[in-house]
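This report concerns only the one structure given below.
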Amino acid sequence: KMSDIVLKSSEGRTEIYTPYNPDFVSEIKRIGGARWNSSSKCWSVPEEMTDAAREIIKSVYGYTDQEKATEMVSVIVKFSRDVYKTRGLYEMFGKVLSRAWGRDSGAKAGDDVIYLQGKPKSGGSRNNWDSIVPEGSVVKITNIPKSVYESKIQELEKAGKYYYTIELEGTKINRQALLDEKEKLLARLKEIEKILSESEENS
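Take 990 as the starting number for the sequence shown in the numbering used here and just add one per residue.
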């Protein structure tokens, strides 16, 4: 499934609920006044920064609370060596492949991730535990917005040259999202035509 992105207004601020993504965390901090709310588990920004936050969300996730991704892709990743993240989670295309909580905790995969071979595991030391995708694992990652795939694929292939291969499996069209986008574009065209005709009358 694709996790929802939700923005809510609250006392002059906009609360932002998104699936976890380290790129989003680093980018949202660029907005002055951005704060993490640990009790609500969301980021918030001053209300006047909402549009800037949406631009960041679109660049990281490929869609926002207002517009859904129109094309989704799936990939198969084959791991020829162990890969891991120390004291964190191992992710790819914004999807969690392995999340451990301690050396002996075991690990879990996140939404849209299926292990066709192998399974995620934990390791490392007590203080510096690892989230691991073991050698020999074959992982299918679904529901990746096409724009995210295209922006990340070269960087990921270069970084994983000796560790994994990524194969594009297929593209799925989100028909409803395309229809919604068409409706918005037609409405905007009407607005433009009205502005142009008004400007001609006044010139």
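Every residue, glycine too, gets a C-beta built ideally from N, C-alpha and C.
Reduced DSSP secondary structure (H/G/I, E/B, other) of residue i
i	result
Glu1156	strand
Arg1043	helix
Lys990	Residue confidence for Lys990 is low, a pLDDT of 45 falling below 50, so the modelled location carries little weight; the figure read from the coordinates is stated next. Note: Lys990 maps to coil in three-state DSSP.
Asp1119	strand
Glu1060	strand
Phe1013	helix
Tyr1138	helix
Lys1067	strand
Between the CA atoms of residue j and residue i - distance to the nearest angstrom
i	j	result
Trp1032	Asn1191	46 Å
Lys1084	Val995	18 Å
Trp1005	Ser1028	Per the sequence shown, the amino acid found at residue 1005 is Ile instead of Trp. Their backbone Cα atoms lie some 13 Å apart in a straight line.
Glu1182	Met1038	29 Å
Ala1148	Lys1067	14 Å
Ser1120	Val1064	21 Å
Gly1159	Val1062	6 Å
Arg1088	Lys1074	9 Å
Val1128	Lys1030	28 Å
Lys990	Pro1008	Summary for Lys990: the model assigns pLDDT 45, below 50, so the residue's position carries little reliability; its value from the coordinates is reported in the next sentence. Answer to the nearest angstrom: the Cα atoms are 12 Å apart.
Buried versus exposed call for residue i [16 or more other C-beta atoms within 10 Å across all chains shown]
i	result
Leu1178	exposed
Lys1176	First, the amino acid is wrong: residue 1176 is Ala here, not Lys. So Ala1176 ends up on the exposed side.
Pro1011	exposed
Gly1021	exposed
Ser1126	buried
Leu1078	buried
Thr1154	exposed
Integer Cβ distance of residue i from residue j, believed to fall under 8 Å
i	j	result
Ser1069	Glu1124	7 Å
Subject >> Contact between the stretch 1011-1021 and the stretch 1030-1050 (3+ Cβ pairs under 8 Å) >> reply: Flag = yes, the stretch 1011-1021 and the stretch 1030-1050 touch.
**OP:** Spell out a yes or no on whether the stretch 1098-1112 and the stretch 1177-1191 are touching, meaning 3 or more CB-CB pairs, one atom from each, closer than 8 Å.
**Re:** no
Original post:
For the 8 Å Cβ check, are there 3 or more pairs between the stretch 1161-1172 and the stretch 1137-1149?
Top reply: no
Subject >> the stretch 1091-1102 / the stretch 1122-1139 touching (three or more Cβ pairs under 8 Å) >> reply: Segments in contact, yes.
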